[in-house]
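In the order they appear, the protein sequences are chains A and B.
If you count by our numbering, then the first sequence holds residues 2 to 343, one letter each, in order.
If you count by our numbering, then the second sequence holds residues 2 to 343, one letter each, in order.
In this text, a Cβ means the ideal position worked out from N, Cα and C, and glycines have one as well.
Number of protein chains: 2
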Amino acid sequence: MTAKKVTIEDVARQAGVGIATVSRAINNAEGISAKTRMRILQTIEELGFVPNTSAQSLKVRLTNQIALAVPDIRNAIIPDISWAVEQAAKAHGYRVVQINTAGNARAELEVVRDIKKLHVDGLIIMPLAYPKALPELIDKAGVPISVINYGKQLDDSLQADVVCLSILEGKLVMDHLQQIGRSRIAYAGTQKDVIEDRYLAYERALNRVDASLVYFGEDFSLQTGIRAADYFHGLAHMPDAVYAVNDMVAIGLVNRFKELGVRVPEDVAVVGVDNNQWTTISSPQISSVSIMGSEVARLAAELLLKRIREQTRGDYEKVQFEPRLIVRESSVSLKRSPMHGS
Amino acid sequence: MTAKKVTIEDVARQAGVGIATVSRAINNAEGISAKTRMRILQTIEELGFVPNTSAQSLKVRLTNQIALAVPDIRNAIIPDISWAVEQAAKAHGYRVVQINTAGNARAELEVVRDIKKLHVDGLIIMPLAYPKALPELIDKAGVPISVINYGKQLDDSLQADVVCLSILEGKLVMDHLQQIGRSRIAYAGTQKDVIEDRYLAYERALNRVDASLVYFGEDFSLQTGIRAADYFHGLAHMPDAVYAVNDMVAIGLVNRFKELGVRVPEDVAVVGVDNNQWTTISSPQISSVSIMGSEVARLAAELLLKRIREQTRGDYEKVQFEPRLIVRESSVSLKRSPMHGS
DNA sequence: TTTCGTTATGTAAAGCTTTAAATATAAGAC
DNA sequence: GTCTTATATTTAAAGCTTTACATAACGAAA
């Protein structure tokens, strides 16, 4: 009933050939006649033989698998990333196994340190915590690594190909909000150092940051957006725009504002980042910055697969994509006549 | 700079001991003095030795990893499942690698057939397509398997532990809709056989199915909901309630209805299934059935880990949880005074 | 000092495959 | 029928670890 552990030797004996011949049959190698191959495949079928992968990759160093380590699978942009990587890998005959680091420093280190245990030929990692020791571990990981960089200025010496999920999204948002005449612009995000660049762009765009207009929540979730809305609503002098660290937070904000009777975009404009599918479902629809998740992920995968194929090291690529702002209902200009007036 | 492939033998030579001793040091085995262990660990550090997992698991059959195969990672319930499995696994010192089958029959077969290549001790699979050959492959997979069953009546003879993502959710929805006085109840889903049970419950609850009130889309996405809303809106005689195969579709429906000027729940009640996080964000908030994804996933993981630990086969568990209907704004009774009247 | 019982360490086999090198077989030329 | 050459097949080594078994070291008891 079960594969009781039938080895290549059993197959060879049964089929009356040598083990090398069986191996050739398995691997579609040449130097074997069509009819013996047939016979062997038949025997394999009968005996229910399945080659032991551990033994195989003990000799052949490749596994035809790559790993993808993502921060928090509950963040709505991850699916796009993972999907794109999967497609690219499949096109090269590769399988993808996904690991969840939960944006946790320890987990990020662990996946790189233990990458060999995963039985993969390479790793695409999208770090969030960026623990100090990461570059060093990447350096001695032993397999090629691609980094999908999410809002952090990285040291150029990193021994990995790096593709950035756009580095300029913050500037785009701030420029836009100022252009449509908003002057009290708030920021809603997680701790300032988690997606550092997005917050730094906020600081840079302003002469002086009003600390009361900055809200740091615990994560990237709807909840954070909801709490931020409560917080801003409680202020003596409300902001007239909010730059949200991502769409999840933006959606939480907008929905809570609605409940509180704050009109979006008339009273407050809201802009998110990531341009996930929910931005168009929310009402009002939410302006956002497309960070080209799919393209970035695909490129990261291609670069990795290329390194695996060519077994090269050094001379690492550092790529970044041009982000695109997509203006929707949640951030209309103040000068236009508002559509949603009561 | 790189791990050039330093083996246990190099370490042994360098430390002036036998390879068995090094092995003992690595695995915290007993029968080694504290000081030699220290010395060896030091040498390992110096040389940057990392044990070859292929060679290891060629001897020891276990890898301390399990695989989780999920249908479409873009479906909003998957994250909960995956999260719960991860937690359970971690508690037992196991790592989880996730595979995306995209609900594709071929991929579902492949992951079971090739499970050995994944270098894992067991598999949790959540099939959608349920291809015919699946039970047979599960039977001879060679590692224990847990099935998370999503809306399909399964053959009891399946050689795997099965935990059902509630089997009665459809009945709950239909009972509820009829109870609040809806008589023209529509169904919006994917093809009837994909999440078979949910549709069958619809049929069972009605004397006669009006074919014009059934909409089958392509997937479980928002898009399907949007198209369904367009379809129903175009009917000469609109339904007064829609039972959506899941929350994604329900949310798509509600939002499109709003755009079309159809009032929810006054004109049409909408109920989804899965109870994902977006149901409470949508406005109106959406009634849904909690299918206990986390609990189900955790149990599936526990059962799998138990089998791995005890190396048992046969006598498989078939468990199902009690679903819970959660009534929100989208399906208020017709008799109550509507809150949202214009 | 000898002997015994423990504990620490080393040796060698086993685990299963791939592959280089050696050998056998078949086909073709003369 | 013999020789050459190309093709098919087999043998044996290598890949790296764990572990059963054998051996060595050590301290304690006699």
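Could you compute how far the alpha carbon of residue i sits from the alpha carbon of residue j?
i: Leu261 (chain A); j: His234 (chain A); result: 8 Å
i: Gly218 (chain B); j: Gly123 (chain A); result: 38 Å
i: Lys36 (chain B); j: Leu110 (chain A); result: 29 Å
i: Asp73 (chain A); j: Lys307 (chain A); result: 27 Å
i: Ile287 (chain B); j: Gly273 (chain B); result: 7 Å
i: Arg14 (chain B); j: Asn65 (chain B); result: 29 Å
i: Thr313 (chain B); j: Ile139 (chain B); result: 15 Å
i: Phe322 (chain B); j: Ile309 (chain B); result: 23 Å
i: Met239 (chain A); j: Gly226 (chain A); result: 16 Å
i: Ile79 (chain A); j: Asp316 (chain B); result: 38 Å
i: Val61 (chain A); j: Cys165 (chain A); result: 33 Å
i: Leu42 (chain B); j: Val23 (chain A); result: 41 Å
i: Met2 (chain B); j: Lys6 (chain A); result: Annotation note: pLDDT 32 at Met2 (chain B) (below 50); position unreliable, coordinate value reported separately. If you take the alpha carbons of Met2 (chain B) and Lys6 (chain A), they lie about 40 Å apart.
i: Ala189 (chain A); j: Arg228 (chain A); result: 10 Å
i: Lys259 (chain A); j: Ala187 (chain A); result: 17 Å
i: Val328 (chain B); j: Ile282 (chain A); result: 22 Å
State the DSSP-derived secondary structure class of residue i, mapped to helix, strand or coil.
i: Phe50 (chain B); result: coil
i: Tyr200 (chain A); result: helix
i: Arg325 (chain A); result: strand
i: Asp140 (chain B); result: helix
i: Tyr232 (chain B); result: helix
i: Ile126 (chain B); result: strand
i: Val148 (chain A); result: strand
i: Gly190 (chain B); result: strand
i: Leu69 (chain B); result: strand
i: Arg257 (chain B); result: helix
i: Ile252 (chain B); result: helix
i: Ala161 (chain B); result: coil
i: Ala100 (chain A); result: Note that residue 100 (chain A) is Ile in the sequence shown, not Ala. DSSP places Ile100 (chain A) in strand when its eight states are reduced to three.
i: Ala245 (chain A); result: strand
i: Ser343 (chain B); result: Reliability of the predicted coordinates at Ser343 (chain B) is poor, the pLDDT of 37 falling under 50, and no value is obtained from them.
i: Val86 (chain B); result: helix
i: Ala108 (chain A); result: helix
i: Val174 (chain B); result: helix
i: Ser34 (chain A); result: coil
Quick one: does residue i have its CB under 8 Å from some CB of chain A?
i: Lys193 (chain B); result: no
i: His120 (chain B); result: yes
i: Gly342 (chain B); result: Caution is warranted here: a pLDDT of 39 is assigned to Gly342 (chain B), below 50, making its placement in the model unreliable, and the coordinate value is therefore given only provisionally. With 8 Å as the cut-off, Gly342 (chain B) does not count as an interface residue toward chain A.
i: Thr3 (chain B); result: Bear in mind that the predicted position of Thr3 (chain B) carries a pLDDT of just 38, short of 50, making it unreliable; the figure below should be weighed with that in mind. True, the Cβ-Cβ gap to chain A drops below 8 Å.
i: Leu129 (chain B); result: no
i: Val265 (chain B); result: no
i: Val98 (chain B); result: yes
Spell out whether any CB of chain B is found under 8 Å from the CB atom of residue i.
i: Asn256 (chain A); result: yes
i: Leu261 (chain A); result: no
i: Thr22 (chain A); result: no
i: Ile252 (chain A); result: yes
i: Thr8 (chain A); result: no
i: Leu138 (chain A); result: no
i: Val243 (chain A); result: no
i: Lys133 (chain A); result: no
i: Lys141 (chain A); result: yes
i: Lys117 (chain A); result: yes
i: Val18 (chain A); result: no
i: Thr54 (chain A); result: yes
Considering only the beta carbon of each residue, do residue i and residue j sit closer than 8 Å?
i: Val113 (chain B); j: Ala142 (chain B); result: yes
i: Val86 (chain B); j: Ala230 (chain B); result: no
i: Ala77 (chain A); j: Met293 (chain A); result: no
i: Arg183 (chain B); j: Ala237 (chain B); result: no
i: Ile67 (chain A); j: Tyr95 (chain A); result: yes
i: Glu152 (chain B); j: Glu197 (chain B); result: For clarity, residue 152 (chain B) is Gly in the given sequence; the question names Glu instead. A contact, by the Cβ cut-off of 8 Å.
i: Ser213 (chain B); j: Pro285 (chain B); result: no
i: Val121 (chain B); j: Val144 (chain B); result: yes
i: Gln99 (chain B); j: Val71 (chain B); result: yes
Cβ-based contacts, 9 Å cut-off: residues of the segment 30-51 of chain B near chain A: Gly49 and Val51
Chain-ordered residues of the segment 143-167 of chain A with a beta carbon less than 8 Å from chain B: Gly143
Proximal residues, the segment 100-113 of chain B versus chain A, C-beta separation under 7 Å: Ile100 and Asn101
Residues of the segment 81-95 of chain A with Cβ closer than 9 Å to any Cβ of chain B, in chain order: Asp81, Ser83, Trp84 and Glu87
Members of the segment 273-307 of chain B near chain A, C-beta cut-off 9 Å: Gln278, Trp279, Thr281, Ile282, Ser283 and Ser284
Proximal residues, the segment 209-228 of chain B versus chain A, C-beta separation under 7 Å: Leu223
Contact list for the segment 315-333 of chain B against chain A, Cβ threshold 9 Å: none
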